[in-house]
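Enquirer: This is the structure I want to talk about, given as structure tokens.
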Amino acid sequence: MGRQGMRQRAAAGGGDRRGRTARGARLLGAALIATLAGVGPTASPAQDGATAPAPYGTLRAGGARLSATPINSFGMPGMIDMPVALAMPDGTIAVSAMGMPGTARFTLTFQIAPRLTGSFRYSRIERPRLNDTLFDRSFDIQYQILHERPGRPGLAIGLRDFIGTGEYSSEYVVATGRIGDSLRLTGGIGWGRLATSGGFRNPLGAIDDRFLTRPGGFTGTGGRVEFTRFFRGDAALFGGVEWQATDRLRLMAEYSGDAYRNESAPGGSWRRRTPVNIGASYQVGPRLSILGFLLHGDAIGLTATVVLNPDVPMNAVRVTSPPPVLVRPAPEAMPAAWSEDWAAQPAARDTLQAALARSLAAEGLRLESIVFGPRRVEVRYANLRHEAPARAVGRAARILTAAIPPSVEEFVLVSTTAGMPVTAVTLRRSDLERLEHAPDGTEALLAAARITDGIGLGGTADGLLVPHPADVPRFGWSIQPYIQPAVMDPSAPLRIDFGLRAEGRVALASNLLLSGAVTQRLAGNISGTTRALEACRDDGFCYERVRSDAPFYSSSAPVLERLTVEHFSRPGPDLFGRLSAGYLERMFAGVSAELLWKPVDSRLALGAEINRVRRRDPGSALGFTDYEVTTGHISAYYDFGRGYTGQIDVGQFLAGDRGATVRLEREFASGWRLGAYATITDMPFSAFGEGSFDKGITVTIPFTWFDGQPSRNRNSQTIRSLARDGGARLEVTNRLHPMVREMQGGALRQSWGTVWQ
Amino acid sequence: MTDSAQAAAGRAPRRLRRALLAGAALLMAACSGGLPPEGRETATQFTGLDQLLRDRLPAAARPASGDLPPIIVLDAPAAGPALDAAIASRGARATLVVAGRNADVVTWRSPDAVSLALLGPGVLIATRGLGTDLHAADAAASAAALARGTPQRVRRVHRRLGGDQRLADSVHDCTIALVGPETVQIGTTTRRTQRFEERCDDGAGGPGFVNQYWRDASRPVIWQSDQWVDPAIGHIRLQLTRE
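Those protein sequences? They're chains A and B, same order as listed.
Following the working numbering, the numbering of the first sequence begins with 1 at its first residue and continues without gaps.
Following the working numbering, the numbering of the second sequence begins with 1 at its first residue and continues without gaps.
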């Protein structure tokens, strides 16, 4: 499987099963490990101060110091059901699961910025009043107007379930302050569902009468921000108190304005007897806490929350000791060693090259080619192991000090991917010798390094084909299990396939790759027995089916998922090119061409991709249906700094609809990445169907963060609204921007701390 | 470094965690060979069969998982300089040999790729392969004072690499004091030494740490030392068994 599919976006639609499957399996494993490691006593001691609990404590008369930001049953900063005006430490991720009679909620919450908390939730809600069971997605956002400080309460405003059908739809303004070290009080006013009990006339009605009534239901096919509902209708007060009894135990009581009207109706599993909830939260480990509560005097529930900080790995990266710098003898001491004659001897060069290839391979680096000069060598290498590109640079440079004759003073290290030279780091050998153990060696080496476009360096053949290095295998294969969850299908929320995927690849040249993947389902219940509604406009025009037919491509027979030839090139400075042809993904085959402009130190990148594809026949291995379409995008990528990145893709999608995808992500040095995207096209919302348009969130987790082993493996997961026909993008492997970006100046500088690691 | 005896208390949870890790790995077990997919060594597997198999190797030949240093027992080299290192908090010990020399710094390396960089008479300024490594240290003043064998107030800076791949510095004000003459037994040799103590405050107002050095009575050579690495590892004991 190609890197794009592995790591990056799972483009639009259900045809991304190739990506999803492995991702699903790994995410599950990673989540499991995360939870476990959070419990274990051996978890990293270097916890973020704000989230780390104090050691086991004993009950003290006056209570203990209030610990980390509390997380409520909605997975947001809060007590039991009610919110609090507190933010988590910046960048924190909280994953929580809540169960109580009739209701389960799974929430992913992210501290997007120091004042902004966002969350995505998937809930199963039994509603006896409506005699149904709802599978609901909801998004929350909370903005911290004032941070809580000693002597001053915090103030926050929040929207709960502000997109879509709005089962939990509510808004609130909340204040939280502490009294002493161990007592915290919260009070607020809520609208919407938070005012379904004990409500009173909306004070905002004094501004405008329209605030007095809250429109019900949702617009059209849902999935939109319902601005007209915000802060409308009755309001109600809520509040509560938290007491930190011990370093690990916190007791809470709150007054709630949520009537649980649909859930606690007659015929349900519980009744709302009082507006008061009580609960206790126990910090089990540095990352895991358990909240137990009695809701409204009748329902007992539990919430388990794992809180992660992407900058604090579960296991610190454990590198092997680097090869030390070999310092050259002084020229006057050994003049013969400094001779430049070797550069003219082919035999000497061959011996050097072979030795270098072996040394580099031991550090997870593949020598692609080398250009020798008496005073300067240029080396092209592929980094196969190090998640931090600067560590690869540092190790390659130290290897060169041991392998290359003393007359060479300048090392040019050119990192490559798919045969393309990407970035050159030029280092002086004497700097390496001087700075190896210098306390400020990291900063000084960066100041002395030159980081440039690698085109034309380290190899002579930048033509159509770049020769594959002789002693590197041309063939590769792998077999791995996959899990493909078809998440969030409202009619059958738990659909999943499990099986094996076999992949093979052949490097016809360094930049010409032939690869394919075959899957065999072993178990699963994804099938195309019920066809989703066709995407039709009011005027009767119906779009071609795209991802809504994805279930038909699931099969219990072996499936050829992908069979492609890919060619990569450097058409010019700052330019990167890709041509792909073949069975590009499970649902489409054809040709794909991409061009990317990305200067080595530019925040801006521009790209263009054009594809001509034909839909594959789900019933045959190699056959096609009649549907053929041109799809492609013009893309702009921007790095806002501090880890925030944005991307806009404008173009034509698989169903022939035209529009744009906007994507915002936050990336951490450790490799974690969280983002959200939305795609709006000219397909009317009514034709798109439930959810109105495609949107979702993406999470990328680096394996190194969990196990501490240097590796470039990452897992990327897209949690999207329903995969339909609108805004569906072709899933093609090895899109250029992510491949190139993570090897360029920004990524190198960000990881430069690892250069001497 | 050699994992002789894990602290018994930490063993059960670690084992549980390892078993569960293995379970998770099994879920994702994959095998592969030959040319890796573009850009990553093992794009298609998380922890592959190799890692599962690793646990079946005899303990002595097995590289460690988790946050322990790799475990390989090799006999000490028969000749050349040798340094014994022991980390009490991990029950680990190993014999290191010289892997590199650069000006005043000697890099020692264990057979399983843990390395220690010692400055001047033998002041630890960097570790690699321990997980929470001492990335770099400015301990030139300490090294100079110990080389001279004179008590002194010094300042040292320790640098650590965070999960965000940035270096964080801690500055420590230290006092190097002469405790007195001591003879130490290193292997079969008895060395007459002077024991120095370097008492450092924690830059952030924490408890600080103390390094001990047993310096040769007449030469700038530290035969034995207890040097502090970090709160997770604690002290590392070094003994120069062969010069």
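Glycine is no exception: its CB is placed at the ideal position from the N, C-alpha and C atoms.
Could you tell me which of A/Pro374, A/Arg358, A/Leu365, A/Arg741 sits nearest to A/Gln345, measuring between CA atoms?
Expert: Position 345 of the first sequence, counting from 1, holds the residue named residue 345 of chain A. Out of A/Pro374, A/Arg358, A/Leu365, A/Arg741, A/Pro374 has the C-alpha closest to the C-alpha of A/Gln345.
Enquirer: Using the DSSP secondary-structure output, state which residues sit across from A/Lys598 in a beta bridge.
Expert: In the first sequence, the residue the question calls residue 598 of chain A occupies position 598. Looking at the DSSP assignment, A/Lys598 forms no beta bridge with any residue, so it has no partner.
Enquirer: What distance in whole Å lies between the Cβ atoms of A/Gly190 and A/Glu167, which are believed to be in contact at a cut-off of 8 Å?
Expert: Along the first sequence, one-based indexing puts residue 167 of chain A at 167. Along the first sequence, one-based indexing puts residue 190 of chain A at 190. With a beta-carbon spacing of about 15 Å, A/Glu167 and A/Gly190 fall beyond the 8 Å limit used to define contacts.
Enquirer: Would you say the stretch 94 to 110 of chain A touches the stretch 242 to 256 of chain A, given that touching needs at least three Cβ pairs under 8 Å?
Expert: no
Enquirer: Starting from B/Trp108, follow the alpha helix (DSSP H) in both directions and report where the run begins and ends.
Expert: As a first step, residue 108 of chain B must be located in the second sequence, where it is residue number 108. It is not in any alpha helix (DSSP H) - B/Trp108 instead sits in the beta strand (DSSP E) that spans 105 to 109.
Enquirer: Taking 8 Å as the CB-CB limit, is A/Ala34 close to chain B?
Expert: Within the first sequence, the letter at position 34 stands for residue 34 of chain A. Note that A/Ala34 scores a pLDDT of 42, beneath 50, so its modelled location is shaky; the value from the coordinates is reported in the next line. Taking Cβ atoms only, chain B never reaches closer than 8 Å to A/Ala34, which makes this a no.
Enquirer: Does A/Leu28 come out as helix, strand or coil in the three-state DSSP assignment?
Expert: For the purposes of this step, residue 28 of chain A is taken as residue 28 along the first sequence, with counting starting at 1. Confidence at A/Leu28 is low in this model, with a pLDDT of 41, below 50, so the placement of that residue should be treated as unreliable; the coordinate-derived value is given next. If DSSP states are grouped into helix, strand and coil, A/Leu28 belongs with the helices.
Enquirer: Just to confirm, are A/Ala299 and A/Pro83 a CB contact at a threshold of 8 Å?
Expert: By one-based count along the first sequence, residue 299 of chain A stands at place 299. By one-based count along the first sequence, residue 83 of chain A stands at place 83. Against a cut-off of 8 Å, the Cβ pair of A/Pro83 and A/Ala299 comes out as no contact.
Enquirer: Check the C-beta distance from A/Ala354 over to A/Glu368 and give it rounded, since I have them as a contact under 8 Å.
Expert: Numbered from its first residue, the first sequence carries residue 354 of chain A at position 354. Numbered from its first residue, the first sequence carries residue 368 of chain A at position 368. The Cβ separation is near 14 Å, so there is no contact.
Enquirer: Going by DSSP, what residues sit across from A/Thr477 in a beta bridge?
Expert: Numbered from 1 along the first sequence, position 477 holds the residue referred to as residue 477 of chain A. Checking the sequence, you will find Trp at residue 477 of chain A rather than Thr. Beta-bridge pairing links A/Trp477 to A/Gly504, B/Gly33.
Enquirer: Under the three-state reduction of DSSP, which class applies to A/Tyr553: helix, strand or coil?
Expert: In the first sequence, counting from the first residue as 1, residue 553 of chain A sits at position 553. Of the three classes helix, strand and coil, the one that applies to A/Tyr553 here is helix, per DSSP.
Enquirer: Label A/Met252 either buried or exposed according to how many other C-beta atoms from any shown protein chain fall within 10 Å of its C-beta, with 16 as the threshold for buried.
Expert: Translated into the one-based positions of the first sequence, residue 252 of chain A becomes position 252. Burial call: buried.
Enquirer: Could you pull the DSSP bridge partners for B/Asp216 from this structure?
Expert: On the second sequence, position 216 is the one that residue 216 of chain B refers to. Its beta-bridge partners are B/Thr193.
Enquirer: For B/Gly100, name the three-state secondary structure that DSSP assigns.
Expert: By one-based count along the second sequence, residue 100 of chain B stands at place 100. Strand.
Enquirer: At the level of alpha carbons, what is the spacing between B/Thr47 and B/Ser115?
Expert: For the purposes of this step, residue 47 of chain B is taken as residue 47 along the second sequence, with counting starting at 1. For the purposes of this step, residue 115 of chain B is taken as residue 115 along the second sequence, with counting starting at 1. In this predicted model, B/Thr47 has a pLDDT of only 27, less than 50, meaning its place in the structure is not dependable enough to derive any value.
Enquirer: Note down, in chain order, every chain B residue with its Cβ under 8 Å from the Cβ of A/Gln717.
Expert: For the purposes of this step, residue 717 of chain A is taken as residue 717 along the first sequence, with counting starting at 1. Close partners of A/Gln717 in chain B (Cβ separation under 8 Å) are lacking, with about 14 Å as the shortest Cβ gap.
Enquirer: Residues in its own chain within less than 8 Å of B/Tyr104 by CB, not counting five upstream and five downstream?
Expert: Taking the first residue of the second sequence as position 1, residue 104 of chain B is located at position 104. Contrary to the premise, residue 104 of chain B reads as Asp rather than Tyr in this sequence. Taken in chain order, the residues that qualify are Leu119, Gly120, Ala143.
Enquirer: From what residue to what residue does the alpha helix (DSSP H) around A/Trp705 run?
Expert: Within the first sequence, residue 705 of chain A is the residue found at index 705, counting from 1. Run containing A/Trp705: 703 to 707, per the alpha helix (DSSP H) assignment.
Enquirer: Is the separation between the beta-carbon of A/Thr442 and that of A/Gly753 shorter than 8 Å?
Expert: Looking up residue 442 of chain A in the first sequence gives position 442. Looking up residue 753 of chain A in the first sequence gives position 753. In contact: A/Thr442 and A/Gly753 (Cβ atoms closer than 8 Å).
Enquirer: Counting only beta-carbon separations shorter than 8 Å, does A/Gln744 have a partner in chain B?
Expert: Mapped onto the first sequence, residue 744 of chain A falls at position 744. Chain B, which has no Cβ nearer than 8 Å to the Cβ of A/Gln744, makes this no.
Enquirer: Suppose contacts are defined by Cβ-Cβ distances below 8 Å. Is A/Ile451 in contact with A/Pro573 by that definition?
Expert: What you label residue 451 of chain A is simply residue 451 of the first sequence in a count that begins at 1. What you label residue 573 of chain A is simply residue 573 of the first sequence in a count that begins at 1. The answer is no: Cβ separation not under 8 Å.
Enquirer: Is the separation between the beta-carbon of A/Gly607 and that of A/Ser635 shorter than 8 Å?
Expert: As a position in the first sequence, residue 607 of chain A is number 607, starting the count at 1. As a position in the first sequence, residue 635 of chain A is number 635, starting the count at 1. Yes, the pair counts as a contact, with Cβ atoms nearer than the cut-off.
Enquirer: Distance cutoff 8 Å, beta carbons only. Does B/Asp138 sit that close to anything in chain A?
Expert: The residue given as residue 138 of chain B occupies position 138 in the second sequence. Chain A contact via Cβ: present.
Enquirer: What did DSSP end up calling A/Gln750 once you bin it into helix, strand or coil?
Expert: Here residue 750 of chain A corresponds to residue number 750 of the first sequence, with the count starting at 1. Helix at A/Gln750.
Enquirer: Residues in the stretch 154 to 171 of chain B with C-beta within 8 Å of chain A's C-beta atoms, listed in sequence order?
Expert: Val157, Arg159, Leu161, Gly162, Gly163, Asp164, Gln165, Arg166, Leu167
Enquirer: On the three-pair Cβ rule with 8 Å, is the stretch 153 to 163 of chain B touching the stretch 177 to 187 of chain B?
Expert: The stretch 153 to 163 of chain B is not in contact with the stretch 177 to 187 of chain B.
Enquirer: Tell me, please, whether the CB atom of A/Gln244 is closer than 8 Å to any CB atom in chain B?
Expert: The count along the first sequence starts at 1 and reaches residue 244 of chain A at position 244. So, not an interface residue.
Enquirer: Checking 8 Å against the spacing of the C-beta atoms, do A/Val307 and A/Ala68 come in under that value?
Expert: Position 307 of the first sequence, counted from the first residue, corresponds to residue 307 of chain A. Position 68 of the first sequence, counted from the first residue, corresponds to residue 68 of chain A. Contact flag set, yes.
Enquirer: Assuming A/Asn196 contacts A/Arg261 (C-beta within less than 8 Å), just tell me the rounded distance between them.
Expert: Residue mapping note: residue 196 of chain A aligns to position 196 of the first sequence, counting from 1. Residue mapping note: residue 261 of chain A aligns to position 261 of the first sequence, counting from 1. The amino acid occupying residue 196 of chain A in the given sequence is Thr; Asn does not appear at that position. Sure, about 6 Å apart at Cβ, within 8 Å.
Enquirer: Short check: CB of A/Arg121 to CB of A/Phe74, under 8 Å?
Expert: As a working mapping, residue 121 of chain A is identified with position 121 in the first sequence. As a working mapping, residue 74 of chain A is identified with position 74 in the first sequence. Result yes, Cβ atoms of A/Arg121 and A/Phe74 sit closer than 8 Å.
Enquirer: Less than 8 Å between CB atoms is the rule here; does A/Ser321 satisfy it with respect to chain B?
Expert: Taking the first sequence and counting its residues from 1, the one referred to as residue 321 of chain A is at position 321. Judged by the 8 Å Cβ criterion, A/Ser321 is in contact with chain B.
Enquirer: Relative to the C-alpha of A/Glu387, which residue among A/Tyr143, A/Arg735, A/Asn715 is closest?
Expert: Numbered from its first residue, the first sequence carries residue 387 of chain A at position 387. A/Glu387 has its Cα closest to that of A/Asn715, out of A/Tyr143, A/Arg735, A/Asn715.
Enquirer: Anything in chain B within Cβ reach of A/Phe668, meaning under 9 Å, just list it in chain order.
Expert: Within the first sequence, numbered from 1, the residue matching residue 668 of chain A stands at position 668. Per Cβ cutoff of 9 Å: Gly163, Asp164.
Enquirer: Can you pull the chain B neighbours of A/Glu332, defined as C-beta to C-beta under 8 Å?
Expert: Taking the first sequence and counting its residues from 1, one reaches residue 332 of chain A at position 332. None at all; the shortest Cβ gap to chain B is about 17 Å.
Enquirer: Report the rounded CA-to-CA distance for A/Gln744 versus B/Arg128, giving the unit in angstroms.
Expert: In the first sequence, counting from the first residue as 1, residue 744 of chain A sits at position 744. In the second sequence, counting from the first residue as 1, residue 128 of chain B sits at position 128. C-alpha separation (whole angstroms): 26 Å.
Enquirer: Near A/Ala523, what residues of its chain come up, given a Cβ to Cβ distance below 8 Å and the 5 sequence neighbours on each side ignored?
Expert: For the purposes of this step, residue 523 of chain A is identified with residue 523 of the first sequence, where counting begins at 1. A distance below 8 Å between beta-carbons, with the five flanking residues on each side excluded, links A/Ala523 to the following residues of its chain, in chain order: Asp497, Phe498, Gly499.
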